[in-house]
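Here the protein sequences line up with chains S and F, keeping their order. Numbers 12 to 300, taken from the numbering used here, label the letters of the first sequence in order. Numbers 4 to 189, taken from the numbering used here, label the letters of the second sequence in order. Since the structure comes first, as structure tokens, the remarks are kept for the end.
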Amino acid sequence: MSDYNFAYLDEQTKRMIRRAILKGLAIPGYQVPFASREMPMPYGWGTGGVQVSAAVLTPEDTFKVIDQGADDTTNAVSIRRFFEKTADVAVTEATAEASVIQTRHRIPEQDLRADQILVYQVPIPEPLRFLEPSEVETRKMHALEEYGLMHVKLYEDISQHGAIATSYAYPVKVEGRYVMDPSPIPKFDNPKLNMAGIQLFGAGREQRIYAVPPYTDVVSLDFEDYPFEASKADHACDLCGATDSYLDELIVDDSGKRMFMCSDTDYCCSRRKAGHIGAQGVPYAEDAA
Amino acid sequence: MQAAILEGGFVEAPIDSARAFRQIMTAMAQPGTINEVTGALPPAPLSIAAGVVLLTMCDPETPVFLTPKFDTDEVRAWITFHTGAPFTAANNAAFAVGAWGDLPLNEFSIGSSEYPDRSATLIVETDHLSVTGATLRGPGIKDTATLSLPDAQAFQNNALLFPLGLDFIFTCQSDLAALPRTTKVS
């Protein structure tokens, strides 16, 4: 154990965050204001998610952090180490073994269970912010359930591009009431917002916490003649051959050769361990990872 | 008497409150489930679960309302010593403790349309808590769940106020369950 208080934050701060989480769960999709603290990392690096994780972690938890699906990026590694050091929790890269998963911009491919908690890092929690810059106005719009502007935005997408061009941070309506920003997850992940696990969203700079309880009705906004479509690159993973996972596209040499691979590294890795091989893949070897 | 007030708090507050909050949060996220909490030994008539909720959620920023049965010198002194929460009338309370029939439901804050989170959370002390009784539907519940509730009409009326409304935590000895405003009771 370290000289820090358990999970870094002081007890009064955690109580304040915990109260916001409870109200967030009671009012799904509503952004609860909270007094965000300065964390030992800059805004934009997941300070909201870190504060929410600090408030929910217990010593018995196994913690996983992903950044765009990957466990081994700088952001994910540093947050994982932060809680290893300050909360002494076990950590894992395996989705199934984690009890708390902090994520930046992805939902794991593997379905979450009822005893798992997904904590999102949120940059801009207000889905109406780019349409209406005033907080006073957007708060009033949520209060009055006045979401016409969001449909106008999606309609303008169709009139300009022939389809709804919004591909990430795709707005959803939660339990038939609040329009919510699911954080910048690809719209491929939107159907997974209806899940068995508890979803908590933390926006540090913007000082908002919101939540989606298990099995809550989450509907991606669309039109009857232009229904929502969870899209992904029309390709299979070149490493593991998966056709059902969200893919990253990488340019791998100077001549512009491309490669598609699962954005969820744990999903890809466990498939390769199970013997699946993609078009450019090689059989899984322990030291090759 | 004086020494008893100092007893019964969390032994290791950061760890005990983290474990307790997980149970409280799970209860609120999954209405109809009963979770066990430990760590507090509050003076009677407060139950262990109600004591744990107070220790975990309350501090000088959260005014607490006690119904007359719970408004004893000893309970007040225990809450003051362990949480620092001020006592208040029902209309100003963030948290309230009482038996079902004694809580003045119409007096608590249900929040405003712009800030529905500024509403009271009621800790309802019950003699009996089980997963049989009224049928629950809504967020956090896969299909339906059941929970022993002291009333049905009051919770139906509360759900109609959504997104405003009150949230409830039912406590019985060391068990607790929760009913947010989104749950539809039938």
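Ideal Cβ positions, reconstructed from N, Cα and C, are used throughout, including at glycine. Keep in mind that this is a model prediction, so the values were computed, not measured.
- From the listed residues S:51, S:49 and S:133, the smallest Cα separation to residue 195 of chain S is found for S:133.
- When CB distances to chain F are screened at a threshold of 8 Å, the residues of the region 131-153 of chain S falling below it are 150, 151 and 153, in chain order.
- Here residue 181 of chain F carries a strand assignment [DSSP, helix/strand/coil].
- Membership of residue 101 of chain F in the beta strand (DSSP E) is indicated by the continuous run 98-102.
- The three-state reading of DSSP puts residue 112 of chain F in coil, since its state is none of H, G, I, E or B.
- At a cut-off of 8 Å between beta-carbon atoms, residue 34 of chain S makes contact with chain F.
- Looking at the DSSP output, residue 122 of chain F bridges to F:113.
- The count of Cβ pairs closer than 8 Å, one atom from the region 119-129 of chain F and one from the region 26-44 of chain S, reaches three, so the stretches are in contact.
- Taking 8 Å as the cut-off, the Cβ atoms of residue 280 of chain S and residue 248 of chain S do not count as close.
- Contact check for residue 139 of chain F and residue 34 of chain F: beta-carbon distance about 5 Å, within the 8 Å limit, so the pair qualifies.
- Identification of chain S residues near residue 117 of chain F by a Cβ-Cβ cut-off of 8 Å yields 150, 151, 153 and 154, ordered along the chain.
- Annotated as proximal: residue 243 of chain S and residue 257 of chain S, with beta-carbon spacing under 8 Å.
- When the five nearest sequence neighbours on each side are left out, the beta carbons in the same chain lying within less than 6 Å of the beta carbon of residue 102 of chain S are those of 74, 91 and 95, in order along the chain.
- Check the Cα spacing between residue 37 of chain F and each of F:179, F:188, F:184 and F:189: the tightest is with F:179.
- Using a Cβ-Cβ cut-off of 8 Å, residue 120 of chain F counts as an interface residue toward chain S, since at least one Cβ of chain S sits closer than that to its own.
- Shown here, residue 39 of chain F sits in a strand according to DSSP, grouped into three states.
- Just measuring C-alpha positions, the residue of S:215, S:202 and S:174 sitting nearest residue 229 of chain S is S:202.
- Annotation: residue 286 of chain S to residue 261 of chain S spans about 23 Å, alpha carbon to alpha carbon.
- In this structure, the alpha-carbon of residue 127 of chain S lies about 21 Å from that of residue 26 of chain S.
- With a threshold of 16 other beta carbon atoms within 10 Å, residue 185 of chain S meets it and is buried.
- Residue 158 of chain F and residue 187 of chain F have their C-alpha atoms some 8 Å from each other.
- In terms of CA proximity to residue 240 of chain S, S:178 leads the group S:178, S:264, S:187 and S:189.
- Flagged as an interface residue toward chain S: residue 20 of chain F, by a C-beta distance shorter than 8 Å.
- Across the set F:39, F:154 and F:20, the C-alpha of F:39 shows the shortest separation from the C-alpha of residue 175 of chain F.
- Assignment of residue 89 of chain F by DSSP, reduced to helix, strand and coil, places it in the coil class.
- Identification of residues in the region 174-189 of chain S having a C-beta nearer than 9 Å to some C-beta of chain F yields 185, 186, 188 and 189, given in sequence order.
- Under DSSP, residue 55 of chain F shares a beta bridge with no residue.
- Between the C-alpha atoms of residue 238 of chain S and residue 255 of chain S there is a straight-line separation of about 20 Å.
- Excluding the 5 residues flanking it on each side, residue 42 of chain S has same chain C-beta neighbours closer than 6 Å at 136, 219 and 221, in chain order.
- Residue pairing by DSSP leaves residue 134 of chain F without any beta bridge partner.
- One Cα belongs to residue 200 of chain S, the other to residue 171 of chain F, and the distance between them is close to 32 Å.
- Bridge partners of residue 272 of chain S according to DSSP: S:259.
- Under the Cβ criterion of 8 Å, residue 69 of chain S is counted among the residues facing chain F.
- Under the Cβ distance rule, residue 183 of chain F counts among the residues neighbouring chain S, one pair being separated by less than 8 Å.
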